[in-house]
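Residue numbers (the numbering used here): 947 to 1297. Scroll down for the structure; my scribbles are underneath it.
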Amino acid sequence: MKHSEIVQWLRETDPARLARLWREADLARQRHVGGDIHLRGLIELSNHCVRLCGYCGLRAANAKVRRYRMTEDEILDCAHSAVELGYGTVVLQSGEDPGVDADWMTRVIRRIKAETPLAVTLSLGERSDDELAAWREAGADRYLLRFETSNRALYQRIHPPRNGARSDRLAILATLRRLGYEIGSGVMIGIPGQSYDDLARDIELFAAIGLDMIGVGPYLVHPETPLADPLEHPPLAEDRQVPNSELMTYKVVALARLACPRANIPATTALATLNSRTGRELGLERGANVIMPNLTPPEYRADYEIYPDKACITETAEDCGRCVQRRIESIGRTVGAGRGDSPSYVGRHDP
Ligand code: 5AD
Ligand code: FES
C-alpha cells in the first residue's frame, strides 16, 4: 500500500468504506495466521523506572507511585498460573529498572523455562546488548520494545535521553533480531504532535523492519506527566493531529495487519480501557489475533499505572482468564494451543 493510501485510510470517515477495511484486515488475518487467538499472560514484575518518558505514569519523577518489585518466587507462581489457565506464553514486563539486574533476570528466565513449557517474552525497556544476549542465552524467546513514533523530533521530545545517550530503539530492535529473538514493536496513537503522515510512516516502518509482533494502542493522558500539559506539548492543528480515539486504533490495527500479514497483533489493554465492553472483540475482528490477560498479583496491579483507569485493575488472574475465554467464544473464535509463535519468525528460522 502506498503512503498516500495509508493516509487516506487513516482519514477515512465513511462507514461503508471502513467496513471494507475491516473485512480486508479480517480476511488477511484468517488467511495468514488463522482463527486462533493466542493468550499471553502479562506479569508486570516491577514498576520501578529510571526513565523520564513524557507520557508514562511510571516515569522516575512521579513520586506518587508506590513502587514494587516482585520476588523470584512470586513471578514463578504467576508463570505456573499461566500454565494452569492454558496460556502458552508469559510476558515479563517492567519499567526500566536496574534493580531487575542481568543475573537475577537470567535466573528467573531459566527457572520458568525449566519448570514450564511456556514461551517467554521480555518487555523490560532499553537494556544493554550484554543483558539482551544473556537473557536470550537463558532461554528468552521474544522481546517487545515499542519505537512509539517514527517521527524522530517528536520521539526526542517525549523521550529524554538517559545519561546523555540518545536512545535508539531501532538499533536495539536490530540487535534483538540478530540475537535470534522474535521481535515486537509498535506505537501509541494520538500523541500530541503526531500527524497523519507520521502515523502512516509508523505503519510503513512495521513492514520495513519485518516485525513479528505489533502492539498499538491509543495514547492515554496521565495527569502526572509532562504530556498532560497542552502548553508544553501542544497538539497540531486539528486537520493534522491524529486523534487518540478508539476508531483510529482500529484503523491502525487493520492497516498493521495488511502491512504485516503474518505478525501477531494483540487487542491491547489500552484499547480495552477506551471501550471495556467491546474494544478487544472489535480489535480481534479487525486484524488482531492475540490477547494479553493480566497475571500480576492483585496487590500490585493498581500500582502499575502507565495510564489511568487501566482495564482489569481489580480482577484476579482467574477472573481475566475466564473473561477472555468468554469474549473469544462470543465472537466465534478459538483459543490457540501451544506457544503461538509468529509464522513470520518461524518462516525465517525454519525455511
Ligand atoms: N498511554 C498509552 N500507552 C502508554 N504507554 C506508556 N504510557 C502510555 C500512555 N500514557 C505504552 C507505551 C509503552 C507501553 C509499554 O505502554 O507504548 O511502550
Ligand atoms: Fe481481565 Fe476481562 S480480561 S477482567
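All residues carry an ideal CB built from backbone N, CA and C; glycine is no exception.
Practice task
With distances taken Cα to Cα, identify the nearest neighbour of S1290 among R1073, A965 and I1160.
Solution key: I1160
Exercise for the section: For G1136, write down the residues that DSSP places opposite it in a beta bridge. Expected result: G1136 pairs with nothing; no bridge assigned.
Problem - Assigned exposure category for P1169 - 16 Cβ within 10 Å defines buried - result: exposed
Handout entry: Residues bridged to D986 (per DSSP)
Key = Note that residue 986 is Arg in the sequence shown, not Asp. For R986, which the question treats as bridged, DSSP gives the partners T1035.
Exercise for the section: Output the boundary residues of the beta strand (DSSP E) element that contains M1159. Expected result: M1159 to P1164
Practice task
Could you tell me whether the region 1093-1108 touches the region 1119-1134, using the rule of 3 or more Cβ pairs below 8 Å?
Solution key: yes
Exercise for the section: Following the continuous beta strand (DSSP E) through S1290, name the residue where it begins and the one where it ends. Expected result: Not the beta strand (DSSP E): S1290 falls in the alpha helix (DSSP H), residues P1289 to H1295.
Practice task
Check whether the Cβ of H1168 lies closer than 7 Å to any heavy atom of the ligand 5AD, and answer yes or no.
Solution key: yes
Practice task
Sort V1167, R1103, G987 and G1085 by Cα distance to G1251 and report the nearest one.
Solution key: The displayed chain sequence assigns Glu, not Gly, to residue 1251. Out of V1167, R1103, G987 and G1085, V1167 has the C-alpha closest to the C-alpha of E1251.
Exercise for the section: Could you name each continuous alpha helix (DSSP H) segment of 4 residues or more that falls completely within the region 1187-1243, going from the start of the chain to the end? Expected result: 1192-1205, 1215-1220 and 1225-1230
Practice task
Using the Cα positions of A1154 and G1233, report the straight-line distance between them to the nearest angstrom.
Solution key: Taking C-alpha positions only, A1154 is separated from G1233 by approximately 19 Å.
Practice task
Excluding the 5 residues preceding and the 5 following I1274 in the sequence, name in chain order all residues of the same chain whose CB lies nearer than 8 Å to its CB.
Solution key: Apart from the 5 residues on each side of it in sequence, I1274 sits with its Cβ closer than 8 Å to the Cβ of I983, L1230, I1237, T1280 and V1281 in its chain, given in chain order.
Practice task
Can you tell me the Cβ-Cβ gap for A903 and L1068, rounded? I've got them flagged as a contact below 8 Å.
Solution key: Residue numbering for the chain in the displayed model covers 947 to 1297; residue 903 lies beyond these limits and cannot be assessed.
Problem - Distance between S1131 and G1298 (C-alpha atoms, nearest Å) - result: Residue 1298 lies beyond the residue range present for the chain, which begins at 947 and ends at 1297; the question has no answer from this structure.
Problem - Beta bridge counterpart(s) of V1281 as assigned by DSSP - result: I983
Problem - Reference R977; option with closest CA among F1152, R1203 and A1213 - result: R1203
Problem - Sub-8 Å separation of D1185 and Y1014 beta-carbons - result: no
Exercise for the section: Please confirm if the region 1188-1197 is in contact with the region 1135-1149, defined as three or more CB-CB distances below 8 Å between the two stretches. Expected result: yes
Problem - the region 1252-1265 in contact with the region 1209-1225 per 3-pair CB rule at 8 Å - result: yes
Exercise for the section: Name the residue from S992, Y1101, A1174 and H1105 whose alpha carbon lies nearest to the alpha carbon of D1148. Expected result: Y1101
Exercise for the section: Give the DSSP-derived three-state secondary structure of I1274 in the structure shown. Expected result: Note: I1274 maps to helix in three-state DSSP.
Problem - Reduced DSSP category for T1052 - H, G, I as helix; E, B as strand; rest coil - result: It is helical.
Problem - Any non-hydrogen atom of the ligand 5AD closer than 7 Å to G1163 Cβ - result: yes
Practice task
Report yes if the C-beta of N1190 is less than 7 Å from at least one heavy atom of the ligand FES; otherwise report no.
Solution key: no
Exercise for the section: Pick out whichever of E1261, Y1246 and L1151 has its Cα sitting closest to the Cα of P921. Expected result: Absent from the model: residue 921. The displayed extent of the chain is 947 to 1297, so no value can be given.
Problem - Where L1091 falls: helix, strand or coil (DSSP) - result: coil
Exercise for the section: Run the proximity test for V1036: is its beta-carbon closer than 7 Å to any non-hydrogen atom belonging to the ligand FES? Expected result: Exclusion of V1036 from the 7 Å shell around the ligand FES follows from its C-beta lying no nearer than that to any non-hydrogen atom of the ligand.
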